[in-house]
Amino acid sequence: MKNNIDIGFDTIHLGHGSGGELTRKLLDAIIFKTFSNPFLDKKHDGSIVEFNGKIAISTDSFVITPIFFKGGDIGSLSVHGTVNDVAMCGAIPKYLSLAFIIEEGLKVTDFIEIVQSIKKAADESGVLIITGDTKVVERGKGDKIFINTTGFGEMHPKANISVSNISENDVIIVNGFIAQHGMAIMSEREGLEFESNINSDSTNLNFLVKDLLDEFGTNIKMFRDPTRGGLGTVLYEIANDISKGVFIKEADIPVEKQVAAACEMLGLDPLYVANEGVFLTVVSKNVADDVLQFMKKHSKGKNATIIGNITDNHPNKVVMESLIGGKRIVSPLVGEQLPRIC
Amino acid sequence: MKYLSEYRNLEETKKVLDEIHKITTHEWNIMEICGGQTHGLVKNGILELLPKKIRMIHGPGCPVCVTPLNLIDKAIELLEQGVIVCSFGDMIRVPGSKKSLLEAKALGGDLRILYSPLEAVTIAKKNPTKEVVFFAVGFETTAPANALSVLHAEKEGVTNYTILASHVLVPPAMEAILDDELCTIDAFLGAGHVCAIMGTEEYKPLVKKYKIPIVVTGFEPLDLVQGIYMAVKQLEENRFELENQYSRIVTKEGNIAAKKVINQVFEIGTREWRGIGEIPDSGYVIKEKYRKYDAEAKFNISHIKVPENSSCIAGEILRGIKRPMECAQFGKLCNPSNPLGAPMVSSEGACAAYYHFSII
């Protein structure tokens, strides 16, 4: 499919970001053609949209290396990441802005593949690309391609997502296996390559979030997607935001076998490995089992698990019961997790 | 995951813990040599499950922690001279006298984080106009792969590859700890991974000379409690022997092929240990035959000598004289974002273990 578009050049160079004829050619042949919709087709400087009531806005920049990886690429990631951040606010994502910073020398075929991946991810997530920007920087001043997306969503009428709603005994549920994305990327990094079938979990979570809000409304106290920093860091942030304790059990943390083995090999803790298709929700204890069963029936929550609860013991701390019944704290990630020596 | 899940079994571990409680009648100080074991103990919450009479003392077996400050500054100097420096991930956040390797990278240094030193030889082949140095630190565990990289470079005719080596050995460190007049250690848990390479025989003279039990021990929760049980049993029965808890990995002879590779490239020599100082015959130095692969011989860096940070008590931590919490700076001036010394940043450092995991 990626070779169907012939724009008469193989690589992107500075001229494609000049704003002149080459830019127009690049945009017409690739961007406008791919994302055509009534908002974008006006080719105005911006788009005018209507919302009913409150809106949620979230922005994110994507600078991942490698740009293509098992289970996704920088394009689909830039849609899922922002769509999910809007959804975590309790909103229904509608529109995205899309801005590229391209390092000259990027192959046009790669660019087209990324754009088409964005299109597919946006369609699947039910969002439209309504405005954007393309810049080209000199070789050496970027890393192939950086993408920024900003998402706009309409607040779900039943949503009341706030840390201040969380109380003791509320239950923490995650929608599935953690650490997939980080380990998929790690397996392809120079110097660390190892053979695996680990795919990034990059996916949209907005439909499951919407369905949960439809069904359980204000019994859902919080959504968070533990991307960089992993589940451990997000739990630590929650404990500190609410000045309460978080208690989890190591045995209940869902880690797929192959991912666990890869983490073991590199000496990484899956609690701090990045995710792109995982979220946790804090819900009232009385609906926890119903929420869990509901999530398990949904394609994005098949491996949902209750991992712990909120407690008034040990405020501001996350305590994890180890597999052998001992206890440890879960501290936030400092810097990047690094493979250990031996 | 065989050999892992079995050793993380709740019921089995509880059984052994119960046995430890039953047999313990005296107060005992047991040092686990390896930082991996320290992390296993703290991360699994084992310390609080042990009888109060058993005090675990954390040993020097953290390769990053014992690497002298001088050497980190030398690696940074190489980076600043335009050399491609390759390192294990653990090493890069450890503070040098002015900055860490990670900070030197941010300032333009070409630092590569690798999992295997052989990768560094590949990088050297790909960058023939550049010098490539592998920062070869570690105990006996990492020595075979580092030695192999030198042999590989020689075989492939790679001339732009050298190693900045700081290999240290466990038995001399144990002896230095035991000779310290402040030493209160009653028994050791030997480092399982080191013994997987070296075998167990070299610990026999220590057992005999110091009349101290040594139990070669693994890293999983069940390994650790079994190792502690075996050590306590010896102590309670007034025995001192060399025992091997980690027999699924460790043999008497060790890994003969790996030892051969080590002996081809390295010979025993004096090494400086961070926080402990120079210990004679305590490490590996590159043999004359392979001196052209020694970064210290190739580059003008031998003049770099810097004093240790006086507010860091890493030396006392590494010798088991003080525990991380007993340091006035612990969690205050010294934390993982602003470490005063290596034990706070390394994934095997005792201070990092307490900071990240301990509920105490």
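Line by line, the protein sequences give chains C and A.
Whatever position you read off the first sequence (first residue = 1), add 81 for this note's numbering.
Whatever position you read off the second sequence (first residue = 1), add 1477 for this note's numbering.
Glycine is no exception: its CB is placed at the ideal position from the N, C-alpha and C atoms.
*In chain A, what lies closer than 7 angstroms to V327 of chain C by C-beta?*
In chain order: nothing, as chain A lies at least about 13 angstroms away.
*asked:* For a cutoff of 7 angstroms on Cβ pairs, would you count F1717 of chain A as touching chain E?
replied: Checking the listed chains, one finds no chain E in this structure; the protein chains it contains are C and A.
*Does the beta carbon of S412 of chain C come closer than 7 angstroms to any beta carbon on chain A?*
yes
*Near L107 of chain C, which residues of its chain fall below 6 angstroms by C-beta distance, leaving aside the five closest residues on each side in sequence?*
H97
*For the alpha helix (DSSP H) that G1760 of chain A lies in, which residues bound it at each end?*
Careful: G1760 of chain A lies outside any alpha helix (DSSP H), inside the beta strand (DSSP E) at G1754 to I1763.
_Could you check whether the Cβ of F1807 of chain A sits closer than 7 angstroms to any Cβ belonging to chain C?_
no
*Using only alpha-carbon positions, find the residue among A:I1778, A:A1791 and A:I1739 that is nearest to Y1767 of chain A.*
A:I1739
_Continuous beta strand (DSSP E) stretch holding S1823 of chain A: start and end_ = That residue, S1823 of chain A, is in no beta strand (DSSP E); it is neither H nor E in DSSP.
*Would you identify the three-state DSSP class for R1570 of chain A, choosing helix, strand or coil?*
helix
_Nearest-angstrom Cα separation, counted from S139 of chain C out to G221 of chain C_ = 29 angstroms
*Can you tell me whether DSSP reads F1696 of chain A as helix, strand or coil?*
coil
*Leaving out five residues before and five after N280 of chain C in sequence, what residues of the same chain have Cβ atoms less than 6 angstroms from its Cβ?*
K151, G152 and A265
*Name the DSSP beta bridge partners of I1531 of chain A, please?*
A:W1505
*asked:* Strictly under 7 angstroms for the Cβ-Cβ distance: is R305 of chain C near chain A by that measure?
replied: no
*Note down, one range per segment and in chain order, each alpha helix (DSSP H) of at least 4 residues found wholly within the stretch 1658-1689 of chain A.*
1669-1675 and 1681-1687
_Could you tell me the alpha carbon to alpha carbon distance between E1803 of chain A and E1825 of chain A, rounded to whole angstroms?_
18 angstroms
_When you compare the CB of K222 of chain C with every CB in chain A, is at least one pair closer than 7 angstroms?_
no
*Identify the contact partners of H1833 of chain A in chain C, using a Cβ-Cβ distance below 7 angstroms as the criterion.*
S412
*Where I1459 of chain A falls, given that 16 or more other Cβ within 10 Å makes a residue buried*: Since the first and last residues shown for chain A are 1478 and 1837, residue 1459 of chain A lies out of range.
_Is there a C-beta anywhere in chain C that falls below 7 angstroms from the one on G1676 of chain A?_
no
*Under 7 angstroms between the Cβ atoms of I93 of chain C and I193 of chain C?*
no
*asked:* Which residues in chain A have a C-beta closer than 7 angstroms to the C-beta of V400 of chain C? List them in chain order.
replied: I1836
*Alpha-carbon to alpha-carbon, C1563 of chain A and K1632 of chain A*: Taking the straight line joining both Cα atoms gives about 20 angstroms.
*Integer Cβ distance of L1712 of chain A from A1664 of chain A, believed to fall under 8 angstroms*: Yes, L1712 of chain A and A1664 of chain A are in contact; Cβ-Cβ is about 6 angstroms, under 8 angstroms.
*Can you find a CB in chain C that lies within less than 7 angstroms of the CB of N1521 of chain A?*
So, interface residue.
*Hey, out of A:E1496, A:M1508, A:D1495 and A:E1483, whose CA is closest to I1794 of chain A's CA?*
A:M1508
_For V1727 of chain A, the three-state DSSP class (helix, strand or coil)_ = coil
*asked:* Quick check: is the beta carbon of L316 of chain C nearer than 7 angstroms to any beta carbon in chain A?
replied: For L316 of chain C, the answer is no, since every Cβ of chain A falls outside 7 angstroms of its Cβ.
*What residues of chain A sit near V415 of chain C, judged by a beta carbon separation below 7 angstroms?*
P1813 and S1814
_C1804 of chain A (DSSP reduced to helix, strand or coil)_ = coil
*asked:* Can you tell me whether I247 of chain C is helix, strand or coil according to DSSP?
replied: coil
*Are I387 of chain C and V252 of chain C closer than 7 angstroms when you measure CB to CB?*
Going by C-beta atoms, I387 of chain C is nearer than 7 angstroms to V252 of chain C.
*On the DSSP bridge assignment, give the partners of Y1638 of chain A in chain order.*
Answer is A:V1609, bridged to Y1638 of chain A.
*So with Cβ pairs under 7 angstroms, would you call M1478 of chain A a contact of chain C?*
Summary for M1478 of chain A: the model assigns pLDDT 48, below 50, so the residue's position carries little reliability; its value from the coordinates is reported in the next sentence. Contact of M1478 of chain A with chain C is assigned, a C-beta pair being separated by under 7 angstroms.
*Is H161 of chain C buried or exposed, if buried means 16 or more other CB atoms sit within 10 Å of its CB?*
That one is buried.
*How long is the line joining the alpha carbons of V368 of chain C and K381 of chain C, rounded to whole angstroms?*
19 angstroms
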